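**Q** The structure is given below, and queries will be raised subsequently.
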Amino acid sequence: MSTRAPALPPEERRAAIVAATLPLLLERGANVTTRQIAEAAGIAEGTIFGVFPDKEALVRAAVQAALDTGPTERALAAIDRSLALEEQLAEAVGILQRRFANIWRLAAGVGPVGPPPSPPQDFAGLVGIFETGRERLRTDPVTAARYLRALTLAVSHPMLQAEPPMEAREIVRLVLDGIRAPEGGEDRGENGP
């Protein structure tokens with residue numbers, strides 16, 4: 450005897466189906482069936498078509514949900530700001546690496562769906578972490594966050610890196626050692642005393 454999901458308003462049902470679909474798309478790509486999706490969501494297969502016109506529309510909605518920055522922002526905002534800057538940033542890099550890995554897996558398994566994504570936006574949570582160490586930076590927190598995001602993307606993407614992705618702490622060290630102000634507070638440059 451199977452248990453059915455409780456009746457939900459269409460938007461909530463839609464969100465629940467998308468949430469059940471994302472892990473399946475990451476695991477199986479576009480080959481996932483509506484039957485598998487229905488089983489994962491705990492619904493009858495026909496329920497999918499009550500809120501989506503077809504499987505392609507469901508896949509597009511799932512891809513859009515994966516590209517939503519909201520969950521990443523919430524995860525970044527939840528990082529304990531009492532930790533040392535390096536620890537906060539290492540947690541942030543781990544969050545970004547998981548996001549990027551899921552998006553790449555989704556793109557590889559599903560292919561392009563809909564218009565290309567818009568350029569990346571700044572993650573306010575990442576900027577906020579750099580705000581906690583602002584006095585130790587040669588640059589502003591927004592620029593520092595952009596550098597960290599760009600480096601994380603570059604050294605984590607499997608097609609850009611012959612070796613395994615860099616570890617989060619290595620990425621943080623690389624960025625901070627390039628933007629951290631010297632201990633004395635003045636930049637002595639390459640030919641310093």
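In the working numbering, the protein residues as written are 450 to 642.
Even for Gly, the Cβ is constructed at its ideal location relative to N, Cα and C.
Since the model is a prediction, treat every value here as computed from it, not as a measurement.
With a threshold of 8 Å, are at least 3 pairs of Cβ atoms found where one atom belongs to the region 588 to 606 and the other to the region 539 to 553?
**A** Touching, yes, given that three or more Cβ pairs across the two stretches are closer than 8 Å.
**Q** If you compare alpha carbons, which of Arg509, Arg463, Leu532, Arg548 is closest to Ile578?
**A** Here residue 578 corresponds to residue number 129 of the sequence shown, with the count starting at 1. For Ile578, the nearest C-alpha among the options comes from Leu532.
**Q** Once you ignore the five residues that flank Glu632 on each side, which residues in its own chain have a CB closer than 7 Å to its CB?
**A** To locate residue 632, count along the sequence shown from 1; it is residue 183. Nothing listed; no residue qualifies.
**Q** Is the beta carbon of Val500 sitting closer than 7 Å to the one on Arg477?
**A** Your numbering for residue 500 matches position 51 in the sequence shown. Your numbering for residue 477 matches position 28 in the sequence shown. Not in contact: Val500 and Arg477 (Cβ atoms no closer than 7 Å).
**Q** Nearest CA to the CA of Gln546: which residue from Pro472, Ile466, Arg618?
**A** For this step, residue 546 is matched to residue 97 along the sequence shown. For the residues Pro472, Ile466, Arg618, the minimum Cα distance to Gln546 belongs to Arg618.
**Q** In chain order, what residues of the same chain have a beta carbon less than 6 Å from the beta carbon of Val467, not counting five sequence neighbours either side?
**A** Here residue 467 corresponds to residue number 18 of the sequence shown, with the count starting at 1. Excluding positions up to five away in sequence, the list reads Ala510, Ala511, Ala514.
**Q** By how many angstroms is the C-alpha of Val559 removed from the C-alpha of Leu474?
**A** Counted from its first residue, the sequence shown places residue 474 at position 25. Counted from its first residue, the sequence shown places residue 559 at position 110. Roughly 7 Å separates the two Cα atoms.
**Q** Starting from Asn551, follow the alpha helix (DSSP H) in both directions and report where the run begins and ends.
**A** On the sequence shown, residue 551 is found 102 positions in, with the first residue counted as 1. 534 to 559 is the extent of the alpha helix (DSSP H) around Asn551.
**Q** Can you name the start and end residues of the alpha helix (DSSP H) that Phe501 belongs to?
**A** Residue 501 sits at position 52 when you count from the first residue of the sequence shown. No alpha helix (DSSP H) holds Phe501; DSSP gives it neither H nor E.
**Q** With Ile552 and Leu525 assumed to form a contact (beta carbons below 8 Å), what rounded beta-carbon distance in angstroms separates them?
**A** Indexing the sequence shown from 1 puts residue 552 at position 103. Indexing the sequence shown from 1 puts residue 525 at position 76. Ile552 to Leu525, Cβ: 16 Å. No contact.
**Q** In whole angstroms, what separates the C-alpha of Met608 from that of Ala489?
**A** One-based indexing of the sequence shown puts residue 608 at position 159. One-based indexing of the sequence shown puts residue 489 at position 40. The straight-line gap from Cα to Cα measures roughly 31 Å.
**Q** Helix, strand or coil: which one does DSSP assign to Leu609?
**A** Residue numbering aside, residue 609 sits at position 160 when the sequence shown is read from its first letter. In this structure, Leu609 counts as coil in the three-state DSSP scheme.
**Q** Ordered along the chain, which non-local residues of its own chain (more than five positions away) have a Cβ less than 7 Å from that of Asn480?
**A** In the sequence shown, counting from the first residue as 1, residue 480 sits at position 31. Answer for Asn480: no residue qualifies.
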